[in-house]
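Chemist: Below is one structure. I have some questions about it.
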Amino acid sequence: MTISLGVSLLFDSGEYEEDISGMTIKIRGNTSARQPKKPYKIKLQKKADMLRRGDSRYNDKNWLLLTTLGILADVGFKVNSLLGQPWTPAYEHVNLFFNGEWKGVYLLTESVRRNPSCRINVDTDGFLFEYDPYWWNEDVYVESPTLERPMHYTFKYPEPDEITPEQIAYFTEMITAVEQSLYNGTYANYIDVHSFAVWLLSHDLLGTRDSAGSNYYLTKYDSTPASKVMMANLWDFDTALLCDERWSTLHGVFYFKNLFDSENQAFLREYVELYDAVAPTFYNEIDDWLEQLSASALAAQMEEAVKWDGIRWNEVRTPFPDEIENARQWFARRKVWMDDAINEMRLQILPTTIKRLSDDEALKSYYNLHGQRTSMPRRGINLKNGKKYVVR
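According to my numbering, the sequence shown is numbered sequentially starting from 2.
The structure is reproduced here in C-alpha cells:
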C-alpha cells in the first residue's frame, strides 16, 4: 500500500511479510458493508503513522478507509474537539485506487483502538468496549442485564481472542452494577457523569438521528473501584444535522433516558451547566471554522472530487460548498432551539437551597409547580401570592 501526493511518495508499506511489512485489508462495517462503495479496515504488519505527522507516538497498525463524503465527518470530529473530548481521531480525505481501479473519495482515519500514547488511554487491565447493535457478529460479548434494547456489550480491548474468563466475569459484575445504578440513583459512583454529558450534548448539538448504530464506545481505565465508566469519543456522523427543532434521537435512549428521569439530578445539572459553559463560544467557533474551511484549498479540491465520486458510483452528491453552507445554517438555527430547550430543562432542576424572600419579593415573584422561582409566568400553571395562574 502506498500514499502519494502528486508525484511524491509519502508512505509505502512494503510487500507483505507477516509481522515485518505490508498490510492486510478487509471490508468493514455492517449496513455500510452492503453498499456498492464499501469501507475498509487496514492492518499494517509494522506500526506506522499513515497520516505522516512526523512523530512515532502516532504509529499504529490499525487504520480505516471510510466512505463518508461531504462535511459531516469534518463537522462531527470538530464538535468532538470543541467540547473537550480527550481524543479526536485524525484523518485526511483521499482518493482511493484499489488494484489500479479508482474507488472514489474516502476518509483515511485512525480507528477507535487502545493506544495510550495517541488514541484511547486505558490501562492493561482496563476495557475499551461498545454497546453494540451488531453484537451477534462477535464470538465474545456480555449481555446487557437490564436495558430493554436488544443490544449487548462487545470488546475492542482486550481483543476478543485474548480476553480471559476472569475478565469476562469482572466485566459482567461491573456492568450489572452500572446499569442497576441508573435505576436506584447511585450512578455517580460508577460512571463519569461529565463524560456522559459531553457525549450526549455533542450529539444534541449535531442533531443525530440514528440511535442504535451510533457507536457507543465506552472505557474503564482499569479494574479498580476508583475507575469509573466513561463515554469515549464520538464516531459515525452519517445522520448528523437531521433532528431539526428536536433533541437527537440519542437523547431518550441508552443510559440517558434513565439519567434524565432519575431522582438524582446530578446528570441533569451537569448537562445544563456544560451547555452554559460551552454555548458562549461554541457557535462562534464552529461558524468561524466552517467559514475558513469554505475558503480553503481543501474545499475546492473536495468540490471537484465529490462531483466525480458521484459520477463513479452513479449517485447524486451535494456539492461540497453547499454542504458547508448548510452546516452553517444548521448551527445558527440550532443555537436558537437549544437555548430555548435548555431553558425549559433548567426549570426541571430542583433548588438545592431554600432562600427566604421578603414580603415585597414574594408578591412580585412567580413560581412553577416544582416551587422554582421564575422571572415571568410560563406556559402552564404558575403560582403567585398563593394563587394559581394558567398561561395557555
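Glycine residues also receive a C-beta, built at the ideal position from the N, C-alpha and C atoms.
Relative to the C-alpha of residue 186, which residue among 256, 294, 36 is closest?
Modeler: Ranking 256, 294, 36 by Cα distance to residue 186 puts 256 first.
Chemist: So which of 133, 138, 139, 114 has the shortest CA-CA distance to residue 124?
Modeler: When each option's Cα is compared against that of residue 124, the closest is 114.
Chemist: In chain order, what residues of the same chain have a beta carbon less than 6 Å from the beta carbon of residue 358, not counting five sequence neighbours either side?
Modeler: Any answer about residue 358 is weak, because its pLDDT of 49 lies below 50 and its placement is not dependable; what the coordinates show is given next. None.
Chemist: Express the C-alpha separation of residue 217 and residue 1 in angstroms, rounding to a whole number.
Modeler: The structure shown does not extend to residue 1, since the chain spans only 2 to 393, so no value can be given for it.
Chemist: Assuming residue 224 and residue 171 form a contact by the criterion Cβ under 8 Å, report the distance between their Cβ atoms to the nearest whole angstrom.
Modeler: Yes, they are in contact, since the Cβ atoms of residue 224 and residue 171 sit about 6 Å apart, within 8 Å.
Chemist: Sort 182, 189, 242 by Cα distance to residue 204 and report the nearest one.
Modeler: Per the Cα distances, 242.
Chemist: Less than 9 Å between the C-beta atoms of residue 259 and residue 201, yes or no?
Modeler: No, the pair does not count as a contact, with Cβ atoms beyond the cut-off.
Chemist: Given a cut-off of 9 Å on the beta-carbon distance, is the pair residue 329 and residue 208 in contact?
Modeler: In this structure, residue 208 does not lie closer than 9 Å to residue 329 by Cβ.
Chemist: Excluding the 5 residues flanking residue 188 on each side, which residues of the same chain have their C-beta closer than 6 Å to its C-beta?
Modeler: Cβ within range, chain order: 182.
Chemist: Which word fits residue 154, buried or exposed, when buried means at least 16 other C-beta atoms lie within 10 angstroms of its C-beta?
Modeler: Residue 154 comes out buried.
Chemist: Could you tell me which of 11, 42, 58, 168 sits nearest to residue 107, measuring between CA atoms?
Modeler: Here the closest residue by C-alpha is 42.
Chemist: Measuring CB to CB, does residue 30 end up less than 9 Å from residue 37?
Modeler: No; because the gap between Cβ atoms is not below 9 Å, this pair is not in contact.
Chemist: Just curious, the alpha helix (DSSP H) that residue 293 is in, first and last residue?
Modeler: Counting along the chain, the alpha helix (DSSP H) containing residue 293 begins and ends at 267–295.
Chemist: Rounded to a whole number of angstroms, what is the C-alpha to C-alpha distance between residue 394 and residue 111?
Modeler: In the structure as shown, the chain starts at 2 and stops at 393, and residue 394 therefore has no counterpart that could be examined.
Chemist: Return the residue from the list 83, 21, 121 that minimises the CA-CA distance to residue 206.
Modeler: If we check each option's Cα against that of residue 206, 83 comes out closest.
Chemist: Give the DSSP bridge partners of residue 143, in chain order.
Modeler: Looking at the DSSP assignment, residue 143 forms a beta bridge with 154.
Chemist: Any idea if residue 27 is buried or exposed, counting beta-carbon neighbours within 10 angstroms, 16 or more meaning buried?
Modeler: Exposed.
Chemist: What residue from 245, 346, 247 has the CA that sits closest to residue 273's CA?
Modeler: Residue 273 has its Cα closest to that of 346, out of 245, 346, 247.
Chemist: Which same chain residues, not among the five before or five after residue 61, have their C-beta less than 6 Å away from its C-beta?
Modeler: The answer, listed in chain order, is 48, 116.
Chemist: Which runs of the beta strand (DSSP E) at least 3 residues long sit entirely within the region 38–90? Give them in chain order.
Modeler: Counting only runs of 3 or more, we get 41–49, 61–67.
Chemist: Counting C-beta neighbours from all protein chains within 10 Å, is the total for residue 234 16 or more, i.e. buried, or is it exposed?
Modeler: Flag for residue 234 reads buried.
Chemist: Closest to residue 306 by C-alpha separation, out of 228, 338, 148, 95, would be which residue?
Modeler: It is 95.
Chemist: Using DSSP bridges, identify the partner residues of residue 175.
Modeler: Bridge partners of residue 175: none, in fact.
Chemist: Exposed or buried, what is residue 166 when buried is set at 16 or more other beta-carbons lying within 10 Å of its beta-carbon?
Modeler: Its Cβ having fewer than 16 others within 10 Å, residue 166 is exposed.
Chemist: Going along the chain, which residues of its own chain have a beta-carbon closer than 8 Å to the beta-carbon of residue 9, five neighbours each way excluded?
Modeler: No residues qualify anywhere along the chain.
Chemist: Based on the DSSP output, what are the partners of residue 1 in its beta bridges?
Modeler: No information on residue 1 is available, as it lies outside the stretch 2 to 393 that the chain covers here.
Chemist: From the DSSP output, in three-state form, read off residue 12 for me.
Modeler: Residue state, collapsed to three classes: strand.
Chemist: In the DSSP assignment, the alpha helix (DSSP H) including residue 336 goes from what residue to what residue?
Modeler: It spans 321–347 - the alpha helix (DSSP H) in which residue 336 sits, taken as one unbroken run.
Chemist: Would you say residue 148 and residue 180 are within 9 Å of each other, going by their C-beta atoms?
Modeler: Their beta carbons are under 9 Å apart, which means residue 148 touches residue 180 by this criterion.
Chemist: Where residue 46 and residue 59 are concerned, what is the direct C-alpha to C-alpha distance, given to the nearest angstrom?
Modeler: When rounded, the distance between both Cα atoms is 15 Å.
Chemist: Beta-carbon within less than 7 Å of residue 11's beta-carbon, same chain only, minus the 5 sequence neighbours each way: which residues are those?
Modeler: The answer, listed in chain order, is 4, 5, 53.
Chemist: Spatial neighbours of residue 310 within its chain, please: C-beta separation below 7 Å, excluding the five flanking residues on both sides.
Modeler: Only 70, 105, 106, 318 meet the Cβ criterion.
Chemist: Going by DSSP, which residues form a beta bridge with residue 4?
Modeler: Answer is 12.
Chemist: Flag this pair as yes or no: are the beta carbons of residue 212 and residue 279 separated by less than 9 Å?
Modeler: No, they are not a contact pair.
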